[in-house]
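Engineer: First the structure, which I've put down as structure tokens, then a few questions once you've had a look.
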Amino acid sequence: MIGSDALRIIGFDPGLNVTGYGVIVVTRGKLSLIEAGTVRSRGVSLESRLAFIYAGVREVLETFKPSAVAVEDLFVHAQFPRTAVLMGHARGVICLAAALADVSVHHYPPTRVKRMLTGSGRAGKEQMQAAIQRELSLPHIPKPADAADALAVAIADYHMRIRLCNTMTNDKAPRNSA
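Note that my numbering has the sequence shown beginning at 4, numbered continuously upward.
What follows is the structure, given as structure tokens:
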């Protein structure tokens, strides 16, 4: 059972074919895995794929009732601008579902997430999966890669937004000089 002091974060790795999600809970500074998986879109048209992604994301949000959602920003490769535009549709659907569920959304560039977890903004999939395994004390590396990427975004949200904010607040707190 998760206590009332626990914080639940869902990370999303948007994709038009496969959208990864990862749910973590933070209790007294300890991160734990709740669930990770994927939403696979179906259909030929862009509209039907987006409707399927929306329904899957909405179901994840309703099931896990997060405190916050973290979404990976788009990575735009100069050779594939069309891919970035298509991924933007998936991101938009995730943001819409979170907004309608009244959950705050936080956005992180992939290089920043990788740097936070591994020390390198160019870390590969295997290096990221090993970092997530370590952070969540998992017996095996998380799979599939889309779900692992989503977990990375959720973990990064905790470290960069919540833990950092708490550290800064504690540093400014008056100290007793007894």
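Backbone N, C-alpha and C fix where the C-beta goes; we use that ideal spot for every residue, glycine too.
On the DSSP bridge list, what partners appear for HIS110?
Structural biologist: VAL74
Engineer: Helix, strand or coil, according to DSSP, for GLY46 in the structure here?
Structural biologist: In the structure shown, GLY46 sits in coil (DSSP, three-state: anything other than H, G, I, E or B).
Engineer: Kindly list the residues whose CB is nearer than 8 Å to the CB of GLN132, restricted to its own chain and excluding five residues on each side of it in sequence; keep chain order.
Structural biologist: ILE144, PRO145, LYS146, ALA148, ALA151
Engineer: Closer than 8 Å is the cut-off here; do at least three beta carbon pairs connect the region 153 to 160 with the region 117 to 133?
Structural biologist: yes
Engineer: Hey, out of VAL63, GLY127, ILE12, GLN82, whose CA is closest to LEU36's CA?
Structural biologist: ILE12
Engineer: Closest by CA to TYR24, which one among ARG31, ALA102, ARG61, LEU103?
Structural biologist: ARG61
Engineer: Of the choices VAL21, LEU19, LYS33, GLY18, whose alpha-carbon is the least far from that of ILE165?
Structural biologist: LYS33
Engineer: May I have the straight-line CA-CA distance separating GLY91 from THR22, to the nearest angstrom?
Structural biologist: Each residue's alpha carbon lies about 12 Å from the other.
Engineer: Since I believe VAL42 is in contact with ILE56 (beta carbons under 8 Å), could you give me their beta-carbon distance rounded to a whole number of angstroms?
Structural biologist: 6 Å
Engineer: Would you call the CB atoms of ALA153 and GLY14 closer than 8 Å?
Structural biologist: yes
Engineer: Secondary structure at ILE165, three-state DSSP: helix, strand or coil?
Structural biologist: helix
Engineer: Just curious, the alpha helix (DSSP H) that LEU139 is in, first and last residue?
Structural biologist: Neither: LEU139 is in no alpha helix (DSSP H) and is coded neither H nor E.
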